[in-house]
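Protein chains: 2
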Amino acid sequence: MDESDPWFEERQARTDSLDACLRRLVGACESLASERRELGARAGEAGAACAALSAADPHPPLSRALSHLADTHEKIEQLRIEQSNTDFYVLTEHIKDYLGLIGAIKDVFHERVKVFQNWQHAQMQLTKRRENKAKAELANRPDKAEQAATEIIEWESKVERGQQEFDTISRVIKKEVERWERERVGSLRATVARYLQEHMKHQAQAIRYWDAFLPEARAIK
Amino acid sequence: MDESDPWFEERQARTDSLDACLRRLVGACESLASERRELGARAGEAGAACAALSAADPHPPLSRALSHLADTHEKIEQLRIEQSNTDFYVLTEHIKDYLGLIGAIKDVFHERVKVFQNWQHAQMQLTKRRENKAKAELANRPDKAEQAATEIIEWESKVERGQQEFDTISRVIKKEVERWERERVGSLRATVARYLQEHMKHQAQAIRYWDAFLPEARAIK
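Heads up: the sequence lines are chains A and B, in that order.
The first sequence runs contiguously to residue 221 in UniProt numbering.
The second sequence runs contiguously to residue 221 in UniProt numbering.
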């Protein structure tokens, strides 16, 4: 359809562009989550290597410190896995829900185009029937003219219904999309805030773990 | 050689076991460093995706927050790369130096075995010459007995030199290894302390970055 409503023209372009950007972001977040999970696994391996070294080192203070370093690495591993889950479940899932909503918006935009096409089809049929009626009158065929007149009434009501449907779907879409536009801001703010809180909680916990290990490291004699 | 000195027996076993554990640890640290570098790259990609989304999002407060989130991700990327360098240059390099020293110790242990074998060889030759001399005297061959007596003197001095060399190398190794055992503790403590300081500095910086972003996230309206 040739879009005559600038609101829809603008929203269509915006929705497509948001859709593309969010798909890219969701891919980036998934990689981030899986990379962080990998980092957790590597910290776990480093922990296991420290534990083995601790068992092999005959110097008691070193052995003790290495054993605590191994424990710290294990705790960090757990933390990374939690962080990875936060990346995944808080951020990625929110963006996926968002993409789902954008998909639904694209569907209703498409639905509106179909309603418009039905209306346009009815308009074309009406024009054709009117031409038929004019031709029949010119050819002095009152039976055909009467049949065309009946059809004209039928298609006039279809055109009217088509226009009403199109106006209604356009109005409902505008209202729903604008409501969603307001809600998505609040919802995104809540998600980002929750993500940041979780993230900073994990960072602070990591610092506490290393902090607890620091005196051990300094106590090596 | 059949080890008769319990000090060497114990050190040999300990050195082999430290060597194996440190090789495993160095592998784990290298994986950790490269995984953290990857995580940095993924944070950079997430940042770029946020920047694109910021450009696509028509809601100014969201767009602004996303743009700052993109900046934060970029800073985190830099930080991860620094952390990865710390993992690598501070920890991995230290352990590699350590492995180099252990390799040198294994070499001198091997050198000592060779010195022992030379001594044992001289001992065997001396026994043989003594047998030759006894045989020559029994066979009443004074010329051969005299030649054997000359050789006996020669091999006696080789046995003596061999034993001296073996005693010297054993003593020097003990002294050096014990000195190194004391030094390695201080050196490892210094490295671990430096590593932890760098690591905690990076963690604290990450928290500051997220902290600076938090009001942005809360300000989304």
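Here a beta-carbon is modelled for each residue, glycine too, at the ideal position from N, C-alpha and C.
Measuring straight from C-alpha to C-alpha, what distance separates residue 108 (chain A) and residue 154 (chain A)? In the first sequence, residue 108 (chain A) corresponds to position 108, counting from 1. In the first sequence, residue 154 (chain A) corresponds to position 154, counting from 1. About 28 Å.
Decide yes or no for the touch test of the segment 35-50 of chain B against the segment 165-181 of chain B: beta carbon pairs closer than 8 Å, at least 3 of them. no
With 16 other Cβ atoms within 10 Å as the buried cut-off, status of residue 5 (chain A): Here the question's residue 5 (chain A) lines up with position 5 in the first sequence. That one is exposed.
Boundaries (first-last residue) of the alpha helix (DSSP H) holding residue 72 (chain A): As a first step, residue 72 (chain A) is located in the first sequence; it is residue number 72 there, counting from the start. Start and end: 60-85.
7 Å is my cut-off, CB to CB: does residue 58 (chain A) come that close to chain B? Counted from its first residue, the first sequence places residue 58 (chain A) at position 58. Interface residue, yes.
Does residue 122 (chain B) pass the burial test, meaning 16 or more other C-beta atoms within 10 Å, or should it be called exposed? Within the second sequence, numbered from 1, the residue matching residue 122 (chain B) stands at position 122. Looking at its Cβ environment, which holds 16 or more other Cβ atoms inside 10 Å, residue 122 (chain B) is buried.
Grab me the residues of residue 68 (chain B)'s own chain with a C-beta within less than 7 Å of its C-beta, minus the 5 sequence neighbours each way, in chain order. Within the second sequence, the letter at position 68 stands for residue 68 (chain B). Here the set comprises 213 and 216.
For the segment 53-66 of chain B against the segment 83-94 of chain B, are there 3 or more C-beta pairs whose distance is under 8 Å? no
Run of the alpha helix (DSSP H) containing residue 177 (chain B), from where it starts to where it stops: For this step, residue 177 (chain B) is matched to residue 177 along the second sequence. That run of the alpha helix (DSSP H) goes 142-218.
Could you check what DSSP says for residue 3 (chain B) in three-state terms: helix, strand or coil? The sequence position of residue 3 (chain B) within the second sequence is 3, counting from 1. Of the three classes helix, strand and coil, the one that applies to residue 3 (chain B) here is coil, per DSSP.
When you compare the CB of residue 210 (chain B) with every CB in chain C, is at least one pair closer than 7 Å? The chain inventory of the structure shown lacks chain C, comprising the protein chains A and B.
For the segment 84-98 of chain B against the segment 16-27 of chain B, are there 3 or more C-beta pairs whose distance is under 8 Å? yes
Alpha-carbon spacing of residue 117 (chain B) relative to residue 8 (chain B), whole angstroms: The residue labelled residue 117 (chain B) in the question sits at position 117 within the second sequence. The residue labelled residue 8 (chain B) in the question sits at position 8 within the second sequence. Spanning the two alpha carbons is a distance of roughly 16 Å.
Would residue 58 (chain A) and residue 11 (chain B) qualify as a contact pair, given that the criterion is a beta-carbon distance under 7 Å? For the purposes of this step, residue 58 (chain A) is identified with residue 58 of the first sequence, where counting begins at 1. For the purposes of this step, residue 11 (chain B) is identified with residue 11 of the second sequence, where counting begins at 1. Not in contact: residue 58 (chain A) and residue 11 (chain B) (Cβ atoms no closer than 7 Å).
Here's the rule: buried if 16 or more other CB atoms are within 10 angstroms of the residue's CB, otherwise exposed. What is residue 89 (chain B)? Within the second sequence, residue 89 (chain B) is the residue found at index 89, counting from 1. By the neighbour-count rule (16 or more Cβ atoms within 10 Å), residue 89 (chain B) is not buried but exposed.
Let me confirm a value: residue 134 (chain A) is counted as buried when at least 16 other C-beta atoms fall within 10 Å, else exposed. Which label applies? Counting from one through the first sequence, the residue named residue 134 (chain A) turns up at place 134. When all chains shown are included, residue 134 (chain A) counts as exposed.
In chain B, which residues lie with their C-beta within 8 Å of the C-beta of residue 110 (chain A)? One-based indexing of the first sequence puts residue 110 (chain A) at position 110. Those within 8 Å of residue 110 (chain A) in chain B number zero; the least Cβ separation is about 21 Å.
Determine which residues of the segment 179-192 of chain B have a Cβ less than 9 Å from any Cβ of chain A, and write them out in chain order. 181, 184, 185, 186, 188, 189 and 192
Residue 75 (chain B) versus B:218, B:219 and B:211, residue with shortest Cα-Cα distance: Your numbering for residue 75 (chain B) matches position 75 in the second sequence. Of B:218, B:219 and B:211, the residue nearest in Cα terms is B:211.
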